[in-house]
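Below you'll find the structure, written out as structure tokens, and then a few comments.
In the UniProt record's numbering, the protein residues as written are 1 to 252.
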């Protein structure tokens, strides 16, 4: 009898282990990057300022800065995403390639012109390369994200948390990224969608943990959608002008 109970307990433990392993596989990998020694993107984030900025730098390129941390968001369907123009992109601590739509997406090939070691978030496998690995001939480090996969990047006192977000109900493809920029005191959450998709973006961006602002790349320039949860009603998207958009971290 004791042996039977013991065998049953062992089987239960094995089943739990298999379930946990399956659950981890479904959630996907979580990447952690320390960019404290990276000199790109301006001074390190030691300032107590909670101000950040989204700045367009041409069609298809957005520069997001916060406390010395700089992100470059690239529209995968834009003309700027080409081998000829990649070398003209500004320096950044991390590059995010938005999910491609039915545009002129040219695969991952243009990325290989980037500087060695630059971390790049993508939404497709990196040609069989391990995540975070660079090509043998140099080049960026690719971090492929599937739905609900996450990536954490730290630059001294500033942190970035990236979550790959799904589209409509039942879809398995990544529709955009939820970016949380901040430190131990306050943060700001931006949803970065794919080009040409506006309908349903409000509902998507307001899912937990909830976004404060949606950035929607477009053929004629990026659109902004303010998602203040205290607002009486949703507002329409507005064009992101050349002056950019300033934001301030919110105490959570």
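No residue lacks a Cβ here, since even glycine has one placed at the ideal position from N, Cα and C.
Being a predicted model, the structure only gives us computed values, none of them experimental.
Cβ-based neighbour list, residue i, same chain, cut-off 6 angstroms, excluding 5 preceding and 5 following
i           : result
residue 53  : 65, 244 and 246
residue 180 : 161, 187 and 189
residue 150 : 30 and 163
residue 248 : 50 and 51
Beta strand (DSSP E) segment containing residue i, residue limits
i           : result
residue 240 : Taken as a continuous stretch (DSSP letters only), residue 240 belongs to no beta strand (DSSP E), as it is neither H nor E.
residue 59  : Premise fails: residue 59 is in no beta strand (DSSP E) and is neither H nor E.
residue 37  : It is not in any beta strand (DSSP E) - residue 37 carries neither H nor E in the DSSP assignment.
residue 220 : Residue 220 -> no beta strand (DSSP E), and no H or E assigned at all.
residue 162 : 158 to 166
residue 152 : 150 to 155
residue 81  : Note, residue 81: premise wrong, no beta strand (DSSP E); not H, not E.
residue 246 : 245 to 248
Rounded straight-line distance, which links the Cα of residue j to that of residue i
i           : j           : result
residue 99  : residue 123 : 6 angstroms
residue 80  : residue 61  : 7 angstroms
residue 195 : residue 37  : 33 angstroms
residue 97  : residue 183 : 24 angstroms
residue 121 : residue 142 : 6 angstroms
residue 224 : residue 241 : 10 angstroms
residue 51  : residue 93  : 18 angstroms
residue 158 : residue 82  : 31 angstroms
residue 153 : residue 213 : 20 angstroms
Strand pairing of residue i, partner residues [DSSP]
i           : result
residue 120 : 95 and 142
residue 181 : 160 and 188
residue 107 : In the DSSP output, where bridge partners are listed per residue, residue 107 has none listed.
residue 65  : 53 and 70
residue 174 : 166
residue 251 : 186
residue 193 : 176
Anticipated Cβ contact below 8 angstroms, residue i with residue j, distance rounded
i           : j           : result
residue 210 : residue 239 : Not really, about 24 angstroms apart at Cβ, beyond 8 angstroms.
residue 108 : residue 74  : With 8 angstroms as the limit, residue 108 and residue 74 do not qualify as a contact, their Cβ atoms being about 12 angstroms apart.
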